[in-house]
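Remarks on the structure that follows.
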Amino acid sequence: MPPFLIGSESKTPVPFSATKPGHSELLAQISSRAALNDAANNGNSIVADPSPSPDNRPVENNQQFKTAWEILTFHLGRFAQEKIKAGIIPTDEMFQQESRRLWFDSDDPWNQTFADDTQWMEIFRQEHGLNSGNTPDTT
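Using full-length UniProt numbering, count along the sequence shown one by one with no gaps and you end on 139.
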């Protein structure tokens, strides 16, 4: 996690904690919502157990996420890939709406996520091969 996000991470609905047992349950809930969103976007029909226990936590690509930041980054990366495959260039606003749906189950702009931080979006775009002009980086 970039150092400038530590303060923001502490204010998220699921701040990172190595010692609080409830932390993993809340992350499991967000991960489950991300898996359901991904399945719906891919046209798959899945039945998910909404109870956030470590036993039914979704693990994508054998990854276990330790922070909400990791879940959001992974999910928005997949979101970008799907949009680009469909011929749609994702904008910052699209990323912000998707992150709000994942985080709060609502796209109300009053709800703020990491995607609303311009520095975070810049790093996200750079790491996922998108330049600042909202187009895929072809270099």
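Think of the CB as a built atom: it goes at the ideal place given N, C-alpha and C, for glycine as much as any other residue.
If you draw a straight line from the C-alpha of residue i to the C-alpha of residue j, how long is it?
i: residue 109; j: residue 127; result: 25 Å
i: residue 94; j: residue 88; result: 11 Å
i: residue 101; j: residue 68; result: 14 Å
i: residue 73; j: residue 86; result: 20 Å
So, under 8 Å CB-CB, residue i and residue j are touching, yes? Tell me the CB distance rounded to an integer number of Å.
i: residue 96; j: residue 116; result: 6 Å
i: residue 103; j: residue 91; result: 18 Å between Cβ atoms; not a contact.
Relative to the alpha-carbon of residue i, which residue among the options has its alpha-carbon at the smallest distance?
i: residue 187; options: 124, 83, 120 and 90; result: A question about residue 187 goes unanswered here, because the residues of the chain that appear run from 1 up to 139.
i: residue 125; options: 77, 71 and 70; result: 77
i: residue 146; options: 81, 99 and 122; result: Given a span of 1 to 139 for the chain in the structure shown, any question on residue 146 remains unanswerable.
So within the UniProt domain "HTH CENPB-type" (78 to 132), which uninterrupted alpha helix (DSSP H) runs reach at least 4 residues, ignoring any that extend past its ends?
92 to 104 and 118 to 127
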